[in-house]
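Structure first, commentary second.
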Amino acid sequence: MIKDFLRRFVRPIDPWLLLFTFLVFLLSCIVLYSASNQDMDKISDKFTFLGVALCVMWALASMPLQVLMRLALPMYVFGVLLLIAVALFGSSSHGAKRWLNIGVTKIQPSELMKLALPLMLAWYFHHFEATLNWKHFIVAAVLMVVPVGLIMKQPDLGTSLLIAAAGFYVLFFAGLSWKLIGLMVMAGGGLAYVVTHWNLCIHILREYQCQRVATMLDPMQDPLGAGYHIIQGTIAIGSGGLLGKGWLNGTQTHLDFIPERTTDFIFAVFGEEFGLVGNIVLVLLYLMLIVRGLTIANNAATLFGRLLAGALTLTFFTYAFVNMGMVSGILPVVGVPLPLVSYGGTSMVSLMAAFGILMSVGKDRKLMKA
Amino acid sequence: MNRSEIKNQLAERYAFQLRLAAAALFVLVLFGILIARFSWLQVAQHGRYQTLAEQNRISLVPIVPPRGVIYDRNGVVLAHNFSAYTLEITPSKAGPLEDCINRLATIIDITPKDRRRFKKLMEDTKDFESLPIKTRLNDEEVARFAANSYQFPGVEVKARLFRQYPLGKVASHLIGYIGRINDKDLKDLDDSGDLPNYRGTDHIGKVGVEQSYESDLHGVTGFEEVEIDAGGRAIRTLKRTPPTPGKNLVLSVDIKLQQIAEDAFGDRKGALVAIDPQNGGVLAFVSKPGFDPNLFVDGIDPQSWNDLNTDPDKPLNNRALRGTYPPGSTFKPFMALGALEGNYRSAGAVINDTGVFNFGGHAFRDDKVGGHGAVDMYKSIVVSCDVYYYSLANTMGIDAISRFMATLDFGSPTGIDIDGEQSGVLPSQEWKRKRFRTPATQKWYAGETVSIGIGQGYNAYTPLQMAHATAAIANSGVMFHPHLVQYIVDGVNGNKTVVEPRPERVLPWKPANIATVQHAMEGVIKEGTGAKAFAGAAYTAAGKTGTAQVFSLKGSKYSESGTKAHLRDHAWFIAYAPADHPKIALAVLVENGGWGAAAAAPIARQVLDYYLTGKQPAQAASDVESSDSD
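Note that the protein sequences, when read in sequence, are chains A and B.
In terms of UniProt numbering, the first sequence has 151 at position 151, counting the first letter as 1, and numbering is strictly consecutive.
In terms of UniProt numbering, the second sequence has 565 at position 565, counting the first letter as 1, and numbering is strictly consecutive.
Encoded structure:
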């Protein structure tokens, strides 16, 4: 009886995803303990977040994929409506309108879109699987541009690019023409060229965004301001060396040089204390999670499952890459947390939700075979 | 499912797998780039970064720019900086704090006031910052501490620039002061993106010109890359980017005039604003009593702060900018002009003042028992006849009055270049509807219009607004936004940026109408309520006295001696001079001063005398005995 219950309880869980998640989580607690100056409250918070995130993951994992498919369209429409509401009545903070005040709390609808857009696009392609042609890609592009545009207008360039990437991954797996991809890469390169040329940049981006790019190219331009993050982050990682300065021994960390060292810049702490070896271990753990995700995509029974699993996995990768790239100074500073490691509940829950969906896709295959 | 479908599916599967492989390659390549970057930083460049990290503790030292100096129009320094040593404690490194301060007190004199101030700074800031325990050390104290510094980790002597206000209380409200940056300032700086420029800066302008011209005064923070040894001593400077000093300000204020005006008040409370009507430049901006802005510079100690805040005279309250008072009879020239412009009265129309205006069963009384007899517009202003304006207000109605007064900025900010201006209250039907809750209180009653006519009722304006409107009459309807700063001077290259007079509007008054009102205001000085105060003046002036009731005495006769000080009437005087080509327009308010003619006009006289003829007053105007009535 109990055995039966346990089996049913455990069945939707993908052991590999869970194992690697736990390993990253473990590393995360170790580094957070150091980054927060041994603040046990933060560690216990972290466990609370994990608890909530595991419940969300389990709930989504146990949900049949068909249910998720049915939810795709309503979730997307709801998300877009919320974004429009934000544009109309959202509350501003620091000059950006990103939040919707719903009495008890403020919600940031762009968070929901991170899952809703890939779900919607995967459902859309799945729905027209039999007759798929280039016109569907145009519709899909429109479905993508609407929320991305709304978020960009908030303004929240970082999030809008990440959500655009999530949408693009679905298009890519659905068979977007290689030629078009080539063109887009070239256009992207061209844009990057323009952006790095200061004078043209102002016309395309907001001034502070240009500033960030210019600062990344030459942090010493503004060493006490925007460049400070980059300089200190790079110094922390570089001074870590091959094996690191050892746990709790990071001088950059403990002398207050790393800003936001428990959140977006936690990787600088990690790199300083655990060195190149530590970094490689972390990258490998992320790689394992990604390989597992792509495997699930490969084995998925339906187009919906394949597209969704593939896109969510690559999105996860993008977060990890962008964060580590920005902390080590090869990407401009955008507010992206290090997946599963940065202190903070929202990002943890939304990542584990994505894993839950991956598990649901994986389980779907098992059911089909049985 | 037929064969081709299966084949199709297989082809699709294959295409998808190809994409998966491409994705995996993409992931591997980008992760590879990351690992390459890490290897570069952590292996190839490790030595360099290790050195940087070791040197890091003060590898980048911000250099705070000297704050801009504030001068008056004649080059008198109102706010400047001087360098002095301070003894500073970094609480997080100093160990048990009480003990540390007690030990310090054995070498350097630390007063209880210093301790209280330090405690307050601790509460206001994060504990890893270094905070001054004692400022302005002399050389001997510096030497004594240097000899013992090894006993005090986390304590150091720093050379810092201090703000100083050489004139103390004079012009304190307009100059303002600087104080330590608090959490709210930090948030504001963060929101505006100026926070990096404040690295190393402890102070920021809090009120007055110091606040509103903060971005000009502050300058641009420089920085120094310094190499230090393990003990934290600087060995050599690697690179230095000098700070850009803050810009200097030259005010339009004449500080001598300001001082004469402040002295003229004696111990009385009140405000005076003098404006150059031809360009809106503020010549004097008095709010009495003032405070010593030097108290705030090192972080004010709680005792002094408490004293300032609980003082019943409210010295921190900027009365010229934020105090709103009914204008009393000084409202009459504006009413008269409104009547002429709206064709409600001709200048020559005569009414018979019997001393009472009856309206709706209520008797509105004149000051003079029995009335002034036959009164035309000229006489109504010269003798300050209430009945004339009760009747005029009733004829015009509240809407016409408030429409006309709004063009003179009554009830709205004048746009002066310091923050916190009050807009006062220009009563109107709409204002009342918004101000009150219940339908009965929201309704405008015609009887209320009657007292509006003599500047009572809901009318409430700042002395700044009164001076601004007076300047408009002086300048025949050409209005400028008042401004305190004349030039912004670049401290590096000496380039002057003129703060251009900002023309506000040209009011389309008929020349004959404004001339009538100007003529009547000259009459006030020549033969009317202002005559005594201006007897023997070497110039022609135009003005109007006013006495504003603080509360309404129901039936009983007002008597100055029989009324508690804080319920006594406010005394007003507005004026401009020379009458034919005005160079100065002003408004004086003496809080609870009694009659305008007696309390406020003599202050204006001393100010105008000095500004136009250079004559220094012999004694404070408030001590001059006078018994004129309003």
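Just so it is clear, CB atoms sit at the ideal spot from N, CA and C, and this is done for glycine as well.
Residue i in three-state terms, based on DSSP
{"i": "A:Lys3", "result": "helix"}
{"i": "A:Ile163", "result": "helix"}
{"i": "B:Gly231", "result": "Note that B:Gly231 has pLDDT 42, beneath the 50 cutoff, so the model's placement of it is unreliable and no number is given."}
{"i": "residue 372 of chain A", "result": "What is shown of chain A runs 1 to 370, which leaves residue 372 of chain A out entirely."}
{"i": "B:Gly614", "result": "coil"}
{"i": "B:Glu262", "result": "helix"}
{"i": "B:Val590", "result": "strand"}
{"i": "A:Arg98", "result": "strand"}
{"i": "B:Lys288", "result": "strand"}
{"i": "B:Ile108", "result": "coil"}
Residue i to residue j span [Cα, whole Å]
{"i": "B:Ser83", "j": "B:Gln50", "result": "37 Å"}
{"i": "B:Leu78", "j": "B:Leu249", "result": "10 Å"}
{"i": "B:Gly373", "j": "B:Asp353", "result": "5 Å"}
{"i": "B:Asp185", "j": "A:Gly345", "result": "29 Å"}
{"i": "B:Gly246", "j": "A:Ala268", "result": "36 Å"}
{"i": "A:Thr159", "j": "A:Pro12", "result": "30 Å"}
{"i": "B:Pro166", "j": "B:His80", "result": "8 Å"}
{"i": "B:Val220", "j": "B:Asp419", "result": "23 Å"}
{"i": "B:Ala604", "j": "B:Ala598", "result": "11 Å"}
{"i": "B:Gln17", "j": "A:Asn298", "result": "7 Å"}
{"i": "A:Ile296", "j": "A:Thr313", "result": "10 Å"}
{"i": "B:Leu589", "j": "B:Ser287", "result": "9 Å"}
{"i": "A:Ala35", "j": "A:Ile266", "result": "7 Å"}
{"i": "B:Ala520", "j": "B:Met377", "result": "8 Å"}
7 Å Cβ cutoff, residue i in contact with chain B
{"i": "A:Leu23", "result": "no"}
{"i": "A:Asn249", "result": "no"}
{"i": "A:Ile84", "result": "no"}
{"i": "A:Asn279", "result": "yes"}
{"i": "A:Phe317", "result": "yes"}
{"i": "A:Phe321", "result": "yes"}
{"i": "A:Gln66", "result": "no"}
{"i": "A:Gly238", "result": "yes"}
{"i": "A:Gln252", "result": "yes"}
{"i": "A:Ile163", "result": "no"}
{"i": "A:Leu314", "result": "yes"}
{"i": "A:Val283", "result": "yes"}
{"i": "A:Arg306", "result": "yes"}
{"i": "A:Leu276", "result": "yes"}
Contact with chain A by residue i, beta-carbon distance below 7 Å
{"i": "B:Arg19", "result": "yes"}
{"i": "B:Leu25", "result": "no"}
{"i": "B:Arg240", "result": "no"}
{"i": "B:Ala53", "result": "yes"}
{"i": "B:His203", "result": "no"}
{"i": "B:Tyr198", "result": "no"}
Residue(s) in a DSSP beta bridge with residue i
{"i": "B:Asp353", "result": "B:Gly373"}
{"i": "B:Arg160", "result": "B:Ala84"}
{"i": "B:Gly281", "result": "B:His483"}
{"i": "B:Phe223", "result": "B:Pro62, B:Thr241"}
{"i": "B:His203", "result": "B:Arg180"}
{"i": "A:Val80", "result": "Bridge partners of A:Val80: none, in fact."}
{"i": "B:Lys134", "result": "B:Leu87"}
{"i": "B:Ile584", "result": "B:Ala577"}
{"i": "B:Trp572", "result": "B:Gly546, B:Leu589"}
{"i": "B:Pro503", "result": "B:Phe480"}
{"i": "A:Val336", "result": "Note: A:Val336 sits in no beta bridge, so no partner."}
{"i": "B:Thr497", "result": "B:Ile488"}
{"i": "B:Arg365", "result": "B:Val356"}
{"i": "B:Ala440", "result": "Bridge partners of B:Ala440: none, in fact."}
{"i": "B:Val425", "result": "B:Ala460"}
Members of the region 292–303 of chain A near chain B, C-beta cut-off 7 Å: Residues are counted here when their Cβ sits less than 7 Å from a Cβ of chain B; for the region 292–303 of chain A these are Leu294, Ala297, Asn298, given in chain order.
Interfacial residues, the region 167–185 of chain A to chain B, with Cβ spacing under 7 Å: Among the residues of the region 167–185 of chain A, those with a Cβ less than 7 Å away from any Cβ of chain B are Phe172, Phe173, Gly175, in the order of the chain.
Members of the region 129–141 of chain A that neighbour chain B once the beta carbon cut-off is set at 8 Å: From the region 129–141 of chain A, no residue has a Cβ closer than 8 Å to chain B.
Members of the region 323–335 of chain A near chain B, C-beta cut-off 9 Å: Residues passing the 9 Å Cβ filter: Met324, Gly325, Ser328, Gly329, Ile330.
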